[in-house]
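Heads up: the sequence shown runs through residues 45 to 541, numbered per my numbering. Some notes on the structure that comes next.
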Amino acid sequence: MRSSGVLMHISSLPSPYGIGTMGKEARKFVHFLKKSGQSYWQVLPICPTSYGDSPYQSFSSFAGNPYFIDLDALCRQKLLTEQECGAYDWGRDVTQVDYGALYESRYPLLHKAFERFQKKIPKDYAKFCKEQQDWLEDYALFMALKDAHGGVSWSEWEPELKKRDKDAVDRAKQELAGEIEFWKMLQYLFYRQWRQLKKYANDKGVRMIGDVPIYVAMDSADVWANPEQFYLDGDLLPIDVAGCPPDAFSEDGQLWGNPLFRWDVMKKDQYQWWTKRLEKTAKLFDVIRIDHFRGFDSYYAIPYGDDTARNGEWRQGPGIELFQVIEKKLGRLDIIAEDLGFLTDSVRKMLSDSGYPGMKLIQFAFDTREDGDYLPHNYTRNSVVYAGTHDNDTIIGWMKTAPKASVAFAKEYLQLNRREGYHWGVMRSVWSSVSDLAVVTMQDLLGLASSARMNTPSTLGENWMWRMKPDAIDTKLVKKVRKQVELYGRLPKEPEA
45 MRSSGVLMHI
55 SSLPSPYGIG
65 TMGKEARKFV
75 HFLKKSGQSY
85 WQVLPICPTS
95 YGDSPYQSFS
105 SFAGNPYFID
115 LDALCRQKLL
125 TEQECGAYDW
135 GRDVTQVDYG
145 ALYESRYPLL
155 HKAFERFQKK
165 IPKDYAKFCK
175 EQQDWLEDYA
185 LFMALKDAHG
195 GVSWSEWEPE
205 LKKRDKDAVD
215 RAKQELAGEI
225 EFWKMLQYLF
235 YRQWRQLKKY
245 ANDKGVRMIG
255 DVPIYVAMDS
265 ADVWANPEQF
275 YLDGDLLPID
285 VAGCPPDAFS
295 EDGQLWGNPL
305 FRWDVMKKDQ
315 YQWWTKRLEK
325 TAKLFDVIRI
335 DHFRGFDSYY
345 AIPYGDDTAR
355 NGEWRQGPGI
365 ELFQVIEKKL
375 GRLDIIAEDL
385 GFLTDSVRKM
395 LSDSGYPGMK
405 LIQFAFDTRE
415 DGDYLPHNYT
425 RNSVVYAGTH
435 DNDTIIGWMK
445 TAPKASVAFA
455 KEYLQLNRRE
465 GYHWGVMRSV
475 WSSVSDLAVV
485 TMQDLLGLAS
495 SARMNTPSTL
505 GENWMWRMKP
515 DAIDTKLVKK
525 VRKQVELYGR
535 LPKEPEA
């Protein structure tokens, strides 16, 4: 069935407290999606961000980002007051997230909430902790230890804590009991608010698409608690790390630095860690987008300590077997495979065997450096088409910065004209394509320039910061979007009475 959606991360929602949250503005956005005929809301990973503020580098694959906890809801629960919330610095620009100010303000305020939370613990708190204990215990201890060590990576902790000596871990649990409970409380609040938001969206006919990065951060509870699952040496340092080889986009390649999975170990235990990860994710979202899907077929390994990705090599991944095992354990999950970039015949076969829809990207169609064929006349129904993603420039930005030949080709092929607006012309090609699902970014719906770009790959700073202005959405936009999705047969059918 043809449908459409909007890509808009939680952090980009308006809010008086420095970053988007799961509160009133999130529900207003769901209302916009419903009124404009959308069936999906796609977000980026909702895990806690670490160094660089990227949602793709998190302290945990299972935890939720405490920044997204709605403070107004905590005020209604009498865990905070409006005066307390307003007393902190949340940054000066409503169109940008100030992560420095956020870090300095959010956690002291949440500690105030924790003091009151302890005086009247909700009845379902113990149940939540028990249900999530297979990851929550390690995560809360990890974060408490990290704070106790001034925020340094766990690889720099004392050897007995670094290697999780039982006596050392037991002592830490006693000494940091209060802080451990603080981190557990934050997850309780996050999960409670997320489930309420998801139910609100689902009740309005809007399904949530969540994003799962293939790799995890080295400085994470995932690696610290499960070192045997990762390619580490005797000192628990990476042997090789993840990245991409040199190509037309980068002569040095991309050095991501994530530790690699020990696929041989994972195979022996029937991929328990990955099964648990997708099982938890499937409870948070209706659809799961798996980032860097081609990495399951073969992955690029770079010697740890190298400054570039030039000396890496390709190695064999688990292939379709991983997804067959997971489907056998969990049933058929609704998954989108991010299959962008350099694809081999074996990657194409893995995607075909999985039956998952792959991705099509309009911007790539006109890039002469891109080997894949992303021109709309080559699309298949079982695919998800995007004008651009969080890693691309906005359409308006791309039209100004792309090579002149690429822009000229796009104008001719897509029949773009200035009167309609180049961004509307490109989005029209997305909605009119044969792909079952069409997704556009909120930045493109608003016709924003490069300053609204979410991320520039392989760069640090100035990323993940864009926020939508509080008054950005109006009735005119709602009607215009709805007319487009109705014109191209993507309007959801109203349930029969």
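Think of the CB as a built atom: it goes at the ideal place given N, C-alpha and C, for glycine as much as any other residue. Bear in mind the structure is a predicted one, so any value in this text is a computation, not a measurement.
Pairwise C-beta distances place the stretch 46–64 in contact with the stretch 78–93, as three or more of them are shorter than 8 Å. According to the DSSP assignment, Glu219 belongs to the alpha helix (DSSP H) that extends over Lys210 to Glu219. According to DSSP, Thr93 shares a beta bridge with Ser102. Membership of Thr485 in the beta strand (DSSP E) is indicated by the continuous run Leu481 to Thr485. Nearest in C-alpha terms to Lys207, of all of Arg472, Leu281 and Arg359, is Leu281.
Relative to the Cα of Ala261, the nearest Cα in the group Ile364, Leu233 and Ala286 belongs to Ala286. Collapsing the DSSP output to three states places Val50 in a strand.
By alpha-carbon distance to Ala170, the top candidate from Asp114, Glu126, Ser149 and Lys228 is Lys228. Residue range Tyr143 to Lys163 is occupied by the alpha helix (DSSP H) that includes Gly144.
Residue range Val331 to Ile334 is occupied by the beta strand (DSSP E) that includes Ile334. For Pro203, the enclosing alpha helix (DSSP H) covers residues Pro203 to Lys206.
Ranking Ser494, Leu77 and Gly62 by CA distance to the CA of Thr519 puts Leu77 first. Secondary structure note for Ile258: it is in no beta strand (DSSP E), with a DSSP letter that is neither H nor E. Note on geometry: alpha-carbon atoms of Cys129 and Gly62 lie some 11 Å from one another. Beta-bridge annotation (DSSP): Cys288 is paired with Gln298.
For Ser476, the enclosing alpha helix (DSSP H) has its first and last residue at Tyr466 to Ser476. Under the three-state reduction of DSSP output, Lys404 falls in the strand class.
Here Tyr423 carries a coil assignment [DSSP, helix/strand/coil]. Between Leu299 and Asp284 the beta-carbon gap is near 11 Å, outside 8 Å, which marks them as no contact. For Ile54 and Thr352, the gap between their C-alpha atoms comes out near 33 Å.
Of the other Cβ atoms in all chains shown, 16 or more fall within 10 Å of the Cβ of Ala265; this residue is therefore buried. The count of Cβ pairs closer than 8 Å, one atom from the stretch 401–420 and one from the stretch 443–450, reaches three, so the stretches are in contact. Boundaries of the alpha helix (DSSP H) around Glu371: Ile364 to Leu374.
The residue among Glu159, Thr139 and Trp475 with its C-alpha nearest the C-alpha of Ser495 is Thr139.
Two segments are said to touch when three or more pairs of C-beta atoms, one from each, lie closer than 8 Å; by this definition the stretch 327–340 does not touch the stretch 264–279. Residue burial is scored here from C-beta neighbours: Asp279 has fewer than 16 other C-beta atoms within 10 angstroms and is therefore classed as exposed.
Val428 carries a strand assignment under DSSP once its states are collapsed to helix, strand and coil. A direct Cα-Cα distance of roughly 15 Å separates Gln86 from Ser427.
Separation of the CB atoms of Tyr430 and Leu405 is rounded to 5 Å, and the pair is thereby assigned contact status at 8 Å.
Relative to the Cα of Ala107, the nearest Cα in the group Leu185, Asp133 and Ala117 belongs to Leu185. Looking at the DSSP output, Arg511 shares a beta bridge with no other residue. Between the alpha carbons of Ala245 and Arg215 lies a gap of roughly 44 Å.
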